[in-house]
Amino acid sequence: MSQTIVIVGGGSAGWLTAGIIAAKHQAPANGAPGTRVVLLESPDVPNLGVGEGTWPTMRDTLRRIGISEVEFLRSCDASFKQGSQFINWQQGAGESYYHPFTPPSGYGQVNLAAHWQSSATETSFDEAAGPQGRVCDNALAPKTPQTPEYAFSLNYGYHLNAGKFVELLQRHCVDKLGVEHRLGHVDRITSAENGDIAALQLTSGETIHGDFFVDCTGFTALLIGKHYGIPFVSQRHRLFNDTALAVQAEYASEDAPVASVTKATAQSAGWVWDIALPSRRGIGYVFSSEHTSVEKAEEELAAYLKADPHLAAEQPGPRKIQFQPGHRETFWHRNCVAIGVSAGFVEPLEATALILIEKSAEWVSEQLPEDKAAMPIVAKRFNDVTRQHWSAIIDFLKLHYVLTKRSDSAYWRDHCEAASIPDSLHESLTLWRTQAPWLYETNFRIELFTAASLQYVLYGMGFRTETEGDRYRQWSHEEGIAQRLMRESRQNAETLIASLPTNRDLLNRVRGNQEAEKCSVG
Ligand SMILES: Cc1cc2nc3c(=O)[nH]c(=O)nc-3n(C[C@H](O)[C@H](O)[C@H](O)COP(=O)(O)OP(=O)(O)OC[C@H]3O[C@@H](n4cnc5c(N)ncnc54)[C@H](O)[C@@H]3O)c2cc1C
Numbered sequence: 001m002s003q004t005i006v007i008v009g010g011g012s013a014g015w016l017t018a019g020i021i022a023a024k025h026q027a028p029a030n031g032a033p034g035t036r037v038v039l040l041e042s043p044d045v046p047n048l049g050v051g052e053g054t055w056p057t058m059r060d061t062l063r064r065i066g067i068s069e070v071e072f073l074r075s076c077d078a079s080f081k082q083g084s085q086f087i088n089w090q091q092g093a094g095e096s097y098y099h100p101f102t103p104p105s106g107y108g109q110v111n112l113a114a115h116w117q118s119s120a121t122e123t124s125f126d127e128a129a130g131p132q133g134r135v136c137d138n139a140l141a142p143k144t145p146q147t148p149e150y151a152f153s154l155n156y157g158y159h160l161n162a163g164k165f166v167e168l169l170q171r172h173c174v175d176k177l178g179v180e181h182r183l184g185h186v187d188r189i190t191s192a193e194n195g196d197i198a199a200l201q202l203t204s205g206e207t208i209h210g211d212f213f214v215d216c217t218g219f220t221a222l223l224i225g226k227h228y229g230i231p232f233v234s235q236r237h238r239l240f241n242d243t244a245l246a247v248q249a250e251y252a253s254e255d256a257p258v259a260s261v262t263k264a265t266a267q268s269a270g271w272v273w274d275i276a277l278p279s280r281r282g283i284g285y286v287f288s289s290e291h292t293s294v295e296k297a298e299e300e301l302a303a304y305l306k307a308d309p310h311l312a313a314e315q316p317g318p319r320k321i322q323f324q325p326g327h328r329e330t331f332w333h334r335n336c337v338a339i340g341v342s343a344g345f346v347e348p349l350e351a352t353a354l355i356l357i358e359k360s361a362e363w364v365s366e367q368l369p370e371d372k373a374a375m376p377i378v379a380k381r382f383n384d385v386t387r388q389h390w391s392a393i394i395d396f397l398k399l400h401y402v403l404t405k406r407s408d409s410a411y412w413r414d415h416c417e418a419a420s421i422p423d424s425l426h427e428s429l430t431l432w433r434t435q436a437p438w439l440y441e442t443n444f445r446i447e448l449f450t451a452a453s454l455q456y457v458l459y460g461m462g463f464r465t466e467t468e469g470d471r472y473r474q475w476s477h478e479e480g481i482a483q484r485l486m487r488e489s490r491q492n493a494e495t496l497i498a499s500l501p502t503n504r505d506l507l508n509r510v511r512g513n514q515e516a517e518k519c520s521v522g
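Quick note: the working numbering has the sequence shown finishing at residue 522, numbered continuously throughout.
Encoded structure:
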């Protein structure tokens, strides 16, 4: 069936959605009608232009839409991200833990977390579970120059320049996937008799018709919010952060190390993100305006920048971004679906925005009905899945806060107030007191975070699962395997530290070496 999909918005959400839909529904070579994908963006409304940390899912997304990894790394000033490091979240005394992207050894067969708990080891959970934390301590890459594109020794996503990423996606979607790119500011929306969107009226006087519309208009939420009036569900009572100060920080020298994790350093009323690209670092303080002033936040951010010897002494002033943490009540209404910030946004902890865009666009591209009569059924299913994703995101982000021992500011004390903790997270925490998170956390086939992610954060924050009666040790066959896996983690760390290049060295090679693109990244 031939149909026209109109995507409104040319930020990361718009172009990723265009790429994912166009790659799946491109017109066949035999001239049969395919799906027409039109992306319309306003020349007057700039993109958000932040959003620089991804999950490993981005490797699949890039491959799915046909972008080579070398081209991506070069065009987007991108680097490898192997997870996140949380500094000062537990006590505020210089301590840290990792949430690496590689699941614990034996994941799926042996619940290492349970055995690690009962063996009362001195080793941190992430170190017992695998080598990635130690590799990140040394700012090493997750692979060698010989490793093929998108393959790895240790699982990884990316840090990228958001502006350059949009440029690459635009080029690729238009040149390779046949997406039609239009510039125009939507002024009015024309409805069909049944309430569907029939067309968009531009300020230029032009009319854009379509069968299905994707709202990627960012905070404007033009179609889902302004046109359809779908209510916004605030999450501010759970995740307090609503303001960010962002800086594109200069390195002190060209050979400064490029960290292979996003560093998240807790502050008095929020946390500082630190994302290392080959040519600069994206650093910002996201905080709660109810708990501190912009002036105080600027001071804390300046102190962070100043304390780092790898950063230049002078840095540009920060850009301020304000947002309402929360999401829409429903996301797909009639012939319109919202993807990206128009659908919702909460603080960038754990980089949950781009992964949700990827998952939502995939879902839409796979399930978009050919028969219009099926639209309400598909919409209901999408809304159910997306609501579950939001609930999982909120619980997962809140988990980072609720186990803190910090009481040095109202911000950290308020995060531990029972009223600010979702019932679903209360319930999970009660269960996890006696059972480590495992494969049965959800019944959903498409999940954003696995039990592995929950384990890294839970035990990184010092949580104890009391395995009464030494429940897990009774399974002696597993105990032996678990002890061996934990021993091997330490040995693997030594082997990888001796063999992996630094993140900086591998990126220099990728960026400089034109010959190697055919078979590997280096
Ligand atoms: C401080 C901060 C840090 C972040 N860090 C991360 C991170 O590390 N990882 C991550 O995954 N995400 C992160 N995010 C989220 C990420 O930035 C967004 O998910 C991403 O940029 C997608 O934005 P978008 O495309 O939905 O909206 P935008 O980039 O705002 O794009 C909106 C588009 O809509 C168009 N538009 C608006 N009105 C009209 C109109 N009337 N007519 C036509 N077009 C219109 C605009 O021209 C623009 O092209 C962060 C966000 C913030 C605020």
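Glycine is no exception: its CB is placed at the ideal position from the N, C-alpha and C atoms. Note that this is a predicted model, so its numbers are computed, not measured.
Local Cβ density within 10 Å of residue i, reported as buried at 16 or more and exposed below that
{"i": "Gln170", "result": "buried"}
{"i": "Ile197", "result": "buried"}
{"i": "Val37", "result": "buried"}
{"i": "Leu356", "result": "buried"}
{"i": "Glu362", "result": "buried"}
{"i": "Thr465", "result": "buried"}
{"i": "Pro43", "result": "exposed"}
{"i": "Glu122", "result": "exposed"}
{"i": "Thr207", "result": "exposed"}
{"i": "Gln491", "result": "exposed"}
{"i": "Pro131", "result": "buried"}
{"i": "Asp274", "result": "buried"}
{"i": "Asp175", "result": "exposed"}
Cβ neighbours of residue i in the same chain (closer than 7 Å, five flanking residues each side left out)
{"i": "Ala249", "result": "Arg280, Arg281, Ile283, Leu305, Leu311, Gln315"}
{"i": "Tyr107", "result": "Ala452"}
{"i": "Ser289", "result": "Asp242, Thr243"}
{"i": "Tyr459", "result": "Ala113, Phe125"}
{"i": "Cys76", "result": "Leu160, Asn161, Lys164, Phe165, Leu168"}
{"i": "Ser204", "result": "Gly184"}
{"i": "Glu41", "result": "Gly9, Gly10, Gly14, Leu183"}
{"i": "Ala374", "result": "none"}
Residue i: CB within 8 Å of a non-hydrogen atom of ligand 1
{"i": "Thr352", "result": "yes"}
{"i": "Phe323", "result": "yes"}
{"i": "Phe219", "result": "yes"}
{"i": "Glu52", "result": "yes"}
{"i": "Glu300", "result": "no"}
{"i": "Asn47", "result": "yes"}
{"i": "Leu168", "result": "no"}
{"i": "Asp408", "result": "no"}
{"i": "Trp390", "result": "no"}
{"i": "Pro318", "result": "no"}
{"i": "Ser42", "result": "yes"}
{"i": "Ser204", "result": "no"}
{"i": "Pro56", "result": "no"}
{"i": "Thr61", "result": "no"}
{"i": "Trp574", "result": "Given that the chain is displayed from residue 1 to residue 522, the structure contains no residue 574 and the question cannot be resolved."}
{"i": "Cys76", "result": "no"}
Own chain residues within Cβ distance below 6 Å of residue i, not counting five before or after
{"i": "Ala27", "result": "Gly34"}
{"i": "Glu358", "result": "Thr57, Thr61"}
{"i": "Gly340", "result": "Ala13, Cys216, Ile357"}
{"i": "Trp332", "result": "Ala379, Phe382, Asn383"}
{"i": "Gly236", "result": "Reading off the sequence shown, one finds Arg at residue 236, where the question assumed Gly. Excluding residues within five positions, the ones whose Cβ falls inside 6 Å are Pro325."}
{"i": "Met486", "result": "Ala128"}
Residue span of the alpha helix (DSSP H) that contains residue i, given as start and end
{"i": "Lys405", "result": "First-last for Lys405: undefined, no H or E at that position."}
{"i": "Cys173", "result": "162–177"}
{"i": "Ile275", "result": "Segment 270–276 is the beta strand (DSSP E) holding Ile275; no alpha helix (DSSP H) there."}
{"i": "Glu41", "result": "Careful: Glu41 lies outside any alpha helix (DSSP H), inside the beta strand (DSSP E) at 36–41."}
{"i": "Ser288", "result": "It is not in any alpha helix (DSSP H) - Ser288 carries neither H nor E in the DSSP assignment."}
{"i": "Ser118", "result": "112–118"}
{"i": "Gly512", "result": "503–512"}
{"i": "Phe72", "result": "69–75"}
Spatial neighbours of residue i in its chain, beta-carbon cut-off 8 Å, leaving aside the 5 residues before and after
{"i": "Leu223", "result": "Val8, Ile189, Ile197, Phe213, Asp215, Thr217, Cys336, Ala338, Ser342"}
{"i": "Thr502", "result": "Asn138, Ala139, Leu140, Ala141, Pro257, Val258"}
{"i": "Cys416", "result": "Tyr401, Val402, Thr404"}
{"i": "Glu329", "result": "Ile230, Pro231, Phe232, Val233"}
{"i": "Leu523", "result": "In the structure as shown, the chain starts at 1 and stops at 522, and residue 523 therefore has no counterpart that could be examined."}
heavy atom of ligand 2 below 8 Å from residue i C-beta
{"i": "His185", "result": "Judged by which ligands are present, ligand 2 is missing from the structure shown, whose ligands are ligand 1."}
N-terminal and C-terminal residue of the beta strand (DSSP E) that residue i is part of
{"i": "Ile5", "result": "4–8"}
{"i": "Gln85", "result": "83–87"}
{"i": "Thr243", "result": "243–249"}
{"i": "Ile197", "result": "197–202"}
{"i": "His99", "result": "96–100"}
{"i": "Tyr158", "result": "157–159"}
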